[in-house]
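Residues in the sequence shown are numbered consecutively from 124, following my numbering. Each residue gets a CB set at the ideal place from its N, CA and C atoms; glycine is no exception. Presented below is the structure to which this report refers.
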Amino acid sequence: MYGDKSGRYIVKNKVQKFGKFLSGMVMPNIGALIAFGFLAALFIDTGWIPNEKLNSMVSPMLTYLIPILIASTGGKMVGGDRGRVVGAIAVIGAIMSDTSITMLMAAMIMGPLAGFCIKKFDQLMDGHMPAGFEMLINNFSAGIIGMLLAILGYVVVGPVMSGILTILAAGVNILVSHSLLPLVTIFIEPAKVLFLNNAINHGIFTPLATAQAAAAGKSIMYMLEPNPGPGLGVLLAYMFFCKDKKTKQSAPGAVIIHVLGGIHEIYFPYILMNPLVIIAPIVGNMAAVFWFNLTGCGLVGPASPGSIIAYLMMTPGPDIWKVLVGVAIATGISFGIASPIVKIAGGKSSLEEAQAEMAAMKADAKGQPAPVAIKDASEVKKIIFACDAGMGSSAMGATKFRNRLKSVCPQIQVSNTSVDNIPADCDIAVVQTILADRARKSAPQAQLVTIGNFLADPALDELYIQLTGKEKTTAASATKKL
Numbered sequence: 124m125y126g127d128k129s130g131r132y133i134v135k136n137k138v139q140k141f142g143k144f145l146s147g148m149v150m151p152n153i154g155a156l157i158a159f160g161f162l163a164a165l166f167i168d169t170g171w172i173p174n175e176k177l178n179s180m181v182s183p184m185l186t187y188l189i190p191i192l193i194a195s196t197g198g199k200m201v202g203g204d205r206g207r208v209v210g211a212i213a214v215i216g217a218i219m220s221d222t223s224i225t226m227l228m229a230a231m232i233m234g235p236l237a238g239f240c241i242k243k244f245d246q247l248m249d250g251h252m253p254a255g256f257e258m259l260i261n262n263f264s265a266g267i268i269g270m271l272l273a274i275l276g277y278v279v280v281g282p283v284m285s286g287i288l289t290i291l292a293a294g295v296n297i298l299v300s301h302s303l304l305p306l307v308t309i310f311i312e313p314a315k316v317l318f319l320n321n322a323i324n325h326g327i328f329t330p331l332a333t334a335q336a337a338a339a340g341k342s343i344m345y346m347l348e349p350n351p352g353p354g355l356g357v358l359l360a361y362m363f364f365c366k367d368k369k370t371k372q373s374a375p376g377a378v379i380i381h382v383l384g385g386i387h388e389i390y391f392p393y394i395l396m397n398p399l400v401i402i403a404p405i406v407g408n409m410a411a412v413f414w415f416n417l418t419g420c421g422l423v424g425p426a427s428p429g430s431i432i433a434y435l436m437m438t439p440g441p442d443i444w445k446v447l448v449g450v451a452i453a454t455g456i457s458f459g460i461a462s463p464i465v466k467i468a469g470g471k472s473s474l475e476e477a478q479a480e481m482a483a484m485k486a487d488a489k490g491q492p493a494p495v496a497i498k499d500a501s502e503v504k505k506i507i508f509a510c511d512a513g514m515g516s517s518a519m520g521a522t523k524f525r526n527r528l529k530s531v532c533p534q535i536q537v538s539n540t541s542v543d544n545i546p547a548d549c550d551i552a553v554v555q556t557i558l559a560d561r562a563r564k565s566a567p568q569a570q571l572v573t574i575g576n577f578l579a580d581p582a583l584d585e586l587y588i589q590l591t592g593k594e595k596t597t598a599a600s601a602t603k604k605l
């Protein structure tokens, strides 16, 4: 049994790591995608305020700027700053092979490939670089390798990606035309709860949606994962029908964070405490996608974070009422299905117990011991909360813990980042158990505190006690203080 658990954990961790690698190329460049989305929403022929001159910026951003940014990011992830430059050069070949499509997927190949090539070249030259020729060799190697990869991109990668995108676009069109796209939600919602939401949205759907939006002006693929309706329905069910007082009181705050802040991770523990509840967001999102497909809805850019504000900002003017109806449908159906499940099972466990159990199960599957005690609390200067993307749950967790510490330990700096970018001066890294391996590689010098959830976890209470010397507060009192 243990081996089976460990095997499932390894597979899930590898899938998440690969998805994180893909989304890691997109996430830092979301601002560019959003800028493109705003320009398209406002100034294209069917936009809110059409403007021919300003519309002229839309196509170059999509065709050239965004793929180059993604490729350069991928190159830097693998090969550092030299990989960034070579990645930007290499992707030009793929772009110019067919400017009628958006080469985001090609950028995700050319960038890491360029980083890998320049990294291997540097390793081969390590210790063999003639004195005085370092700058010459470094500059010429980057230029020559970039040129060769650009030719490879033009001759091979670009045409192959064009063919793949054509096939994928045809597949999406088949799903849309036969009203089968709602079935995708059967995989989306469970994957989100396993913290694969960023990998799915930015690693898979965003490239497909961007290509589709380039041709049609908008894409339903942007709407599949970030719809706040399914999660809102679950939280409302807990708010009205949960028998556990602490969990019920925590739900209204979670609703605000989820709907306005776009932090979907906030509702994942509510599903994990009663796994049967997962049916609610699946069916709710399925109904919403069916409605969006039926009414021809689509967004012009990615809604990131997945808040109702971002969702509407990326919606073309004529589609706003359709989108609002779709969100309402998802919320209502999710609420209707989750409510009886929560009402029946609500007295069996609390949110805090579910979070602690989740952390224990993950640690058991990994074969990890309980978090160790802080060796010397007086020397702790920086605490980093790290999640997969470094933008959602970790930011929320860092803010709460910082507010909790500031009156008693104002000298301790608490901030957040992605798990692969934990700074070298970090003393304590707070991460979800599922990301522990990556955190150790990113910050081997830091003491690791593994948790199940960033908002309320026994390990966070224990860390607070060790840092401050104060007695453990109850979940309710801690919530009031925060």
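At the C-beta level, Ala-461 and Ala-360 come within 7 Å of one another. Check the Cα spacing between Met-200 and each of Leu-188, Gly-238, Asn-174 and Asn-408: the tightest is with Gly-238. A distance below 8 Å between beta-carbons, with the five flanking residues on each side excluded, links Leu-247 to no residue of its chain. CA-CA distance, Tyr-393 to Val-280, rounds to 44 Å. In this structure, Val-503 and Ile-551 form a Cβ contact; the two beta carbons are roughly 6 Å apart against a cut-off of 8 Å. Counted as a single uninterrupted DSSP element, the stretch harbouring Leu-571 is not any alpha helix (DSSP H) but the beta strand (DSSP E) occupying residues 570-574.
Note on the segment 307-356: whole alpha helix (DSSP H) runs with a minimum of 4 residues are 308-314, 320-323 and 329-339, in chain order. Judged by DSSP in its simplified three-state form, Gln-534 adopts coil rather than helix or strand. In this structure, the alpha-carbon of Ile-386 lies about 30 Å from that of Ala-229. Annotation: Ala-410 to Arg-527 spans about 41 Å, alpha carbon to alpha carbon. In the DSSP assignment, Phe-508 falls within the unbroken beta strand (DSSP E) covering 505-510. The beta carbon of Ala-433 sits closer than 7 Å to the beta carbons of Gly-385, Ala-426 and Ser-427 from its chain, once the five residues preceding and following it are set aside; these are given in chain order. Restricting attention to Val-209, Val-278, Gly-250 and Ala-254, the CA atom closest to the CA of Ser-264 is found in Val-209. Under the three-state reduction of DSSP output, Asn-539 falls in the strand class. Contact check for Ala-217 against Met-226 passes: the beta carbons are separated by less than 7 Å. Judged by their CB atoms, Ile-153 and Thr-308 are not nearer to each other than the 7 Å cut-off.
Within the model, the alpha-carbon separation for Val-149 versus Gly-234 is close to 12 Å. Lys-315 and Gly-352 have their C-alpha atoms some 14 Å from each other.
Rounded to the nearest angstrom, the gap between the Cα atoms of Met-344 and Val-400 is 25 Å. In chain order, Ala-547 and Cys-549 place their CB closer than 8 Å to the CB of Gln-568, counting only its own chain and leaving out the 5 sequence neighbours on each side.
Selection Ile-268, Pro-173, Asn-416 and Ser-220 evaluated against Lys-242 yields Ile-268 as nearest (Cα-Cα). When the alpha-carbon of Ser-342 is set against those of Asp-543, Gly-160, Ser-430 and Phe-363, the nearest one is in Gly-160. In this structure Asp-511 does not touch Leu-571 by the C-beta definition: roughly 16 Å separates them, more than the 8 Å allowed. With fewer than 16 other Cβ atoms from the protein chains shown falling within 10 Å of its own Cβ, Ser-223 counts as exposed. Looking at the backbone, the Cα of Leu-259 and that of Leu-272 are separated by about 20 Å.
Contact annotation, Ser-538 with Ala-521: C-beta distance approximately 6 Å; criterion of less than 8 Å satisfied. Here the alpha carbon of Ile-189 sits roughly 43 Å from the alpha carbon of Cys-532. In this chain, Val-278 is not harboured by any beta strand (DSSP E), its DSSP state being neither H nor E. Annotated three-state conformation of Leu-247 is helix, per DSSP. Per DSSP, Ala-582 lies in no beta strand (DSSP E); the unbroken alpha helix (DSSP H) holding it starts and ends at 581-591. At a Cβ-Cβ threshold of 7 Å, Ile-157 and Gly-424 count as neighbours.
Sequence-distant partners of Thr-418 (beyond 5 residues in either direction) whose C-beta falls short of 6 Å from its own C-beta, in its chain, are Lys-445. DSSP places Val-553 in the strand class (E or B) of the three-state scheme.
Ile-232 counts as buried, since no fewer than 16 other beta carbons sit within 10 angstroms of its beta carbon. Separation of the CB atoms of Val-283 and Phe-364 is rounded to 52 Å, and the pair is thereby denied contact status at 8 Å. For Asn-408, the enclosing alpha helix (DSSP H) has its first and last residue at 402-418.
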